[in-house]
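**Q**
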Amino acid sequence: MEGIPHPIPRTVEEVFSDFKGRRAGLIKALTTDVEKFYQQCDPEKENLCLYGFPNETWEVNLPVEEVPPELPEPALGINFARDGMQEKDWLSLVAVHSDSWLLAVAFYFGARFGFGKNERTRFLNFSPSFTPKRV
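Using my numbering, you'd call the opening residue of the sequence shown number 12 and step up by one each time.
Here's what the structure looks like:
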């Protein structure tokens, strides 16, 4: 993953801000930067992952070698199905996996810092339209 360290969110507000930034980066990869993203997902390369970062950027890279990883890992091998599917279907599949990863990261932070039911509910209520955008 990217070498720029990001602050670790500790409050519900910080976790939601982290979530929104990562989500914005993933949406950018799958929409605005879709040609660049598509090219980086070469099926001839190793297992690649799509990472979104809190600063609204994204990166296609190999999974971290650290075991266990610091954060939940995004879907592994997004590049392998690229040429075997219609582009729109492949992008939708990557988007679904990315949505799951975003929630996993947010709930990882919540568990790490002892968020109870009230904090988890507050997190989910931050956005009235919490449903992730479709590509």
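Cβ coordinates follow ideal geometry from the N, Cα and C atoms, glycine included.
(1) According to DSSP, simplified to helix, strand and coil, what is V71?
(2) Go ahead and pull the three-state DSSP assignment for G95.
(3) Indicate the three-state DSSP secondary structure (helix, strand or coil) for G63 in the structure shown.
(4) So, are the CB atoms of V23 and R123 less than 8 angstroms apart?
(5) Can you grab the Cα-Cα spacing for the pair F118 / P54, in whole Å?
(6) How would you label R34, buried or exposed, when you count the other beta carbons within 10 angstroms and need 16 or more for buried?
(7) By Cβ distance, which residues of its chain are closer than 8 angstroms to L37, with the 5 residues on each side in sequence left out?
(8) I want to see whether chain C comes within less than 8 angstroms of H17, judged by CB atoms only; does it?
(9) Report the rounded CA-to-CA distance for E67 versus Y49, giving the unit in angstroms.
(10) The alpha helix (DSSP H) that contains A35, what's its start and end?
(11) L82 to Q97, Cα distance in whole Å?
(12) Using C-beta distances below 7 angstroms, list every residue in its chain close to A115, excluding the 5 sequence neighbours before and after it, in chain order.
(13) Taking a contact to mean a Cβ-Cβ separation below 8 angstroms, would you say C8 touches V71 in this structure?
(14) Which value, in whole angstroms, describes the spacing of the CA atoms of L135 and P18?
**A** In short:
(1) strand
(2) helix
(3) strand
(4) no
(5) 31 angstroms
(6) buried
(7) L61, G63, W69, A106, S109 and L113
(8) Although the question refers to chain C, the structure presented lacks it and comprises just one protein chain.
(9) 18 angstroms
(10) V23 to L41
(11) 31 angstroms
(12) P83
(13) No information on residue 8 is available, as it lies outside the stretch 12 to 146 that the chain covers here.
(14) 21 angstroms
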